[in-house]
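Protein chains in written order, with my numbering: chain E, 66 to 397; chain P, 2 to 263.
The C-beta atom is built at its ideal place from N, Cα and C for all residues, glycine as well.
Below is one structure, written out as structure tokens; comments come after it.
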Amino acid sequence: MPILEARNLTKTFRRPDKASGFKGAVKHLAQRKYKNYTAVDGIDLSIEPGESVAYVGPNGAGKSTTVKLLTGILRPSEGTVRVMGRDPHTERIANAHDIGVLFGQRTQLWWDLPVEESLKLLKHMYGVSDADYKARIARFDELLDLGEFMPALARTLSLGQRMRADLACALIHAPKMVYLDEPTIGLDISVKDRLRAFLRELVDDGTTLLLTSHDLADIEEVCERIVVIDKGAVAYDGPITQLKAHYITTKAVKLFLEEAADVPALELKYPQYEWAAGEAPSEVVVTYESARFTTAEVLGGLTAELSPRDLSLSEPSIEDVIRRLYAGELTK
Amino acid sequence: MASVDVALATISFKRKIAYKSTWIFSVVFGGWSLLAGLAVWNHLIGDGEMGGYDWQAMKAYLIIGFLTSTLAWAGSDWEMANRILDGLVAVDLTKPVDFQRARAGEYIGGMLASVPAALIGTAAAVVLFRPAGPVSPLAAALTAVSLLLIFPLAFGISYLSILTCFVTQRYLGIQWARDTMLAFFSGMMVPLALMPGWLQGVAWSLPFVHFTTTPASIYLGRVGTAGALGLLAAQAAWAVGLWVLGRLIWSQLVKKVTVHGG
Chain E
66 MPILEARNLT KTFRRPDKAS GFKGAVKHLA QRKYKNYTAV DGIDLSIEPG
116 ESVAYVGPNG AGKSTTVKLL TGILRPSEGT VRVMGRDPHT ERIANAHDIG
166 VLFGQRTQLW WDLPVEESLK LLKHMYGVSD ADYKARIARF DELLDLGEFM
216 PALARTLSLG QRMRADLACA LIHAPKMVYL DEPTIGLDIS VKDRLRAFLR
266 ELVDDGTTLL LTSHDLADIE EVCERIVVID KGAVAYDGPI TQLKAHYITT
316 KAVKLFLEEA ADVPALELKY PQYEWAAGEA PSEVVVTYES ARFTTAEVLG
366 GLTAELSPRD LSLSEPSIED VIRRLYAGEL TK
Chain P
2 MASVDVALAT ISFKRKIAYK STWIFSVVFG GWSLLAGLAV WNHLIGDGEM
52 GGYDWQAMKA YLIIGFLTST LAWAGSDWEM ANRILDGLVA VDLTKPVDFQ
102 RARAGEYIGG MLASVPAALI GTAAAVVLFR PAGPVSPLAA ALTAVSLLLI
152 FPLAFGISYL SILTCFVTQR YLGIQWARDT MLAFFSGMMV PLALMPGWLQ
202 GVAWSLPFVH FTTTPASIYL GRVGTAGALG LLAAQAAWAV GLWVLGRLIW
252 SQLVKKVTVH GG
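Dropping the structure here:
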């Protein structure tokens with residue numbers, strides 16, 4: 066039975082329809098006009114317990130609105146949501162006990178108090194026992210180095226520290242279902258790595274995770290399934306490996322030659338591959354269809370013929386696929 | 002009271018006293034307002050009386066006004082309003098607590114942070130100016146009840162005013178209107194007894210009157226015991242009524258909550 070199920074989930078907002086400039090402002094004051102804007106358009110989503118799902122899309126695609134609908138903050142204009150069998154909006158308080166939410170751009174720390182005070186308040190809110198609280202804080206300290214800034218005022222934290230503290234706040238009650246909306250936004254690479262490792266542990270422990278992020282490394286490292294949305298509707302829903310297998314049909318090798326590469330001559334000699342000049346004159350990039358040729362085959366022939374002094378293999382990336390999905394070049 | 006209510010009130014109390022300079026400034030500024038009020042009314046009343054207040058009674062009235070205004074304006078209404086306007090209300094709605102009750106805990110915790118300042122100021126004023134005492138021990142006790150009822154009453158009024166932020170998307174004008182009505186109709190600015198009869202009628206039909214006029218009237222014996230109990234019943238009824246009204250309005254607003262952005 067799914068832990069989360071949304072059917073035909075739709076959210077329409079009313080926005081002021083206002084012309085720009087002074088005239089527009091005065092006209093809007095006298096005669097108010099509004100336009101309806103559909104942020105989420107008939108989304109169907111089903112998540113099984115223990116799944117880790119990436120929910121991605123371009124800016125304004127409806128990711129955060131979906132999270133707000135799934136967490137019960139917003140009421141759907143149409144459609145239904147059930148989280149652990151409950152309507153998260155009408156049964157908000159009961160639902161909130163079982164979910165953890167992190168909005169990367171909105172902190173849940175009390176700004177002018179030490180981090181510890183915020184966590185203690187959440188302990189009271191969720192009715193966490195003293196023993197569980199201590200054990201979880203010790204674990205967060207081990208994985209997120211929380212102890213170093215527990216006594217610090219929230220407003221004095223760096224962004225990375227703030228995000229780690231917010232993550233602890235979202236998980237202090239060991240929720241079954243966790244929603245993370247842009248958890249690594251603005252973080253440096255070392256903090257991102259630490260957060261991703263923590264999230265992998267969380268998923269390994271059986272927590273169900275829905276993650277929205279613009280950072281595709283977050284998605285590849287933490288999630289098994291990806292849901293791509295665009296203009297409020299689902300553009301792709303399936304395993305990340307399947308997305309790669311289905312849409313990533315070519316591989317590329319960059320060869321570093323001893324002399325300047327003659328791309329037209331290589332195109333004539335090896336018409337089965339695609340050739341392109343590299344950044345330096347002695348660099349050339351060969352692209353081949355992974356279904357037709359193995360990497361060993363390609364490299365075997367080329368290294369014997371061209372004797373490159375070095376080479377680098379481009380790993381398949383979902384980044385390009387998602388970019389193409391956003392651009393509408395690919396279909397489901 | 003559940004531990005979560007106490008925890009919310011405590012955290013709000015701590016947030017208020019975290020800003021020591023603001024806290025000290027409020028004591029000094031509040032005391033200065035009281036001194037200014039005493040000087041003006043001393044000049045106006047002299048050895049006579051106005052609206053049934055002689056100088057001794059007016060001193061007591063003004064000190065009660067200082068105490069009640071310090072409490073009434075000490076809540077965390079701006080913090081609540083800003084959370085709605087900035088979209089942080091989204092975070093509040095992911096917590097397993099009743100929204101109104103949680104805000105009440107925070108608000109009353111903020112009010113409690115002003116109690117030390119209010120008590121220090123009041124004690125200093127009593128020692129310095131020796132106002133009229135309560136007409137009886139019972140009147141003193143009933144005045145204390147009225148002062149305690151200011152806590153839920155202040156929350157009720159502030160909560161309704163911050164809920165308007167969901168519609169207006171601005172709080173400043175609402176706050177100005179509320180504070181002006183509170184200062185005027187409570188009798189903090191001018192005792193109601195000095196207002197025209199029809200205006201007194203308007204004031205008595207509003208909840209603001211119970212902030213200063215009710216406790217002062219009970220303390221000074223301007224109403225008998227039955228009248229005092231009636232005023233307290235009206236004050237309590239307003240606190241309950243505003244709470245229920247807050248619930249009704251929230252039940253409609255929560256369906257229309259809009260939080261844009263990530």
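Within 9 Å of the CB of D99(P), the CB atoms of chain E belong to I158, in sequence order along the chain. With the rule of 3 Cβ pairs closer than 8 Å, the stretch 153-164 of chain E counts as touching the stretch 231-248 of chain E. As the crow flies, the alpha-carbon of R223(P) is around 38 Å from that of E80(P). Membership of V136(P) in any beta strand (DSSP E) is not indicated, and neither H nor E is assigned to it by DSSP.
The continuous alpha helix (DSSP H) containing Y62(P) extends over residues 56-73.
Chain order gives the chain E residues near R16(P) as W175, D177, L178, where near means a beta carbon separation below 7 Å.
With respect to chain E, the C-beta atom of A91(P) has a partner C-beta closer than 7 Å. Interface criterion met: the Cβ of R171(E) is under 7 Å from a Cβ in chain P. Taking 7 Å as the cut-off, the beta carbon of V318(E) is found closer than this to the beta carbon of V351(E). By the Cβ rule, the stretch 194-204 of chain E does not count as touching the stretch 26-44 of chain P, because fewer than three pairs are nearer than 8 Å. Using a CB distance below 9 Å, the part of the stretch 201-231 of chain E facing chain P consists of L218, ordered along the chain.
The stretch 107-125 of chain E and the stretch 291-307 of chain E touch, with three or more beta-carbon pairs separated by less than 8 Å. With a threshold of 16 other beta carbon atoms within 10 Å, E182(E) meets it and is buried. For A8(P), the chain E residues whose C-beta falls within less than 7 Å of its own C-beta are L186, H189, listed in chain order.
Here the stretch 64-80 of chain P does not lie against the stretch 222-236 of chain P, with fewer than 3 beta-carbon pairs under 8 Å apart.
A contact between stretches requires three or more CB pairs, one per stretch, nearer than 8 Å, and the stretch 207-219 of chain E fails this requirement with the stretch 122-136 of chain P. By the C-beta density criterion, E324(E) is exposed, having fewer than 16 other C-beta atoms within 10 angstroms.
Residue contact check for A227(P) against chain E: no CB pair falls below 7 Å.
Here DSSP, grouped into helix, strand and coil, assigns V243(E) to strand. For L94(P), the nearest CB of chain E lies under 7 Å from its own CB, placing it at the interface with that chain. Looking at the backbone, the Cα of L134(E) and that of E266(E) are separated by about 27 Å. Counting C-beta pairs with one atom in each stretch, the stretch 59-71 of chain P and the stretch 80-92 of chain P have fewer than three that are closer than 8 Å, which means they do not touch. Taking a beta-carbon distance threshold of 7 Å, I12(P) counts as an interface residue toward chain E. Think of a sphere of 9 Å around the beta carbon of S4(P): the chain E residues whose beta carbon falls inside it are H189, G192, in chain order. In this structure, P153(E) places its C-beta atom within 7 Å of the C-beta atom of G137(E). K256, V258, T259, V260: these are the residues of the stretch 237-261 of chain P whose beta carbon lies less than 7 Å from some beta carbon of chain E, given in chain order.
Under the 10 Å beta carbon count, D195(E) is surrounded by fewer than 16 other beta carbons and is classified as exposed. Secondary structure at D109(E): strand, using DSSP grouped into helix, strand and coil. With contacts defined by Cβ atoms closer than 7 Å, K17(P) and G111(P) form a contacting pair. Under the DSSP assignment, F358(E) falls outside any beta strand (DSSP E); it carries neither an H nor an E label. Nothing from the stretch 357-370 of chain E brings a Cβ to less than 9 Å from some Cβ of chain P. Per the coordinates, the alpha-carbon of A82(P) lies some 28 Å from the alpha-carbon of T277(E). Around A155(P), no beta-carbon contact reaches into chain E at under 7 Å, the shortest distance being about 22 Å. Per the Cβ contact rule, the stretch 302-310 of chain E is in contact with the stretch 277-290 of chain E (3 or more Cβ pairs under 8 Å).
With contacts defined by Cβ atoms closer than 7 Å, G247(P) and L161(P) form a contacting pair. Each of A235(P), L200(P), R102(P), G49(P) was checked against the Cα of H211(P), and the nearest Cα belongs to A235(P).
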